[in-house]
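Note that my numbering has the sequence shown beginning at 3, numbered continuously upward.
Written below as structure tokens is the structure these notes are about.
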Amino acid sequence: MRAVKSNALKINPEDNVAIAIRDIRKGEPVVVDGAEICLATEDIPASHKIAIVPISKGAPVIRYGEPIVVATTDIALGQWVHVHNTMPIER
3 MRAVKSNALK INPEDNVAIA IRDIRKGEPV VVDGAEICLA TEDIPASHKI
53 AIVPISKGAP VIRYGEPIVV ATTDIALGQW VHVHNTMPIE R
């Protein structure tokens with residue numbers, strides 16, 4: 003069995019996003035800890051977030067175990083998570 007090199011990081015088990023450690027192209031497998039999680043549904047720039055589970059509109063985006071923003075639309079598995087589909091959490 004061939005080892006698969008990771009292209010994204012998931013820091014905390016509660017995270018619903020991973021961080022791309024390099025550019026990930028549309029259709030490319032998203033690999034975390036050597037395991038293929040999903041296929042990227044669009045190009046994901048390095049250092050940006052990618053949904054590793056579906057995220058419902060209004061749900062928090064969890065990174066490093068903490069809610070950081072809220073989804074403004076349903077975010078599909080493998081989709082880029084950025085300012086176009088999130089908003090700040092009101093505190």
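From the three backbone atoms N, C-alpha and C, an ideal C-beta is built for every residue, glycine too.
Under the three-state DSSP convention, the category residue i falls into
i   : result
A37 : strand
M3  : Below a pLDDT of 50, predicted positions are generally treated as unreliable, and M3, at 45, falls in that range; no measurement from the model is reported.
K28 : coil
R93 : coil
Straight-line Cα distance separating residue j from residue i
i   : j   : result
M3  : A37 : Interpretation of M3 is limited by its pLDDT of 45, a score under 50 that renders its predicted location unreliable; no figure is taken from the coordinates.
D99 : H84 : Nothing can be reported for residue 99, as the shown portion of the chain is limited to 3 through 93.
E44 : W82 : 7 Å
Pair within 7 Å by beta-carbon distance, residue i and residue j
i   : j   : result
I46 : I52 : yes
A42 : E30 : yes
L79 : P62 : no
Bridge-paired residues (DSSP) for residue i
i   : result
L11 : I21
Same chain only: Cβ atoms within 7 Å of residue i, ignoring 5 sequence neighbours per side
i  : result
N9 : A22, I23, R24, I26, V32 and V33
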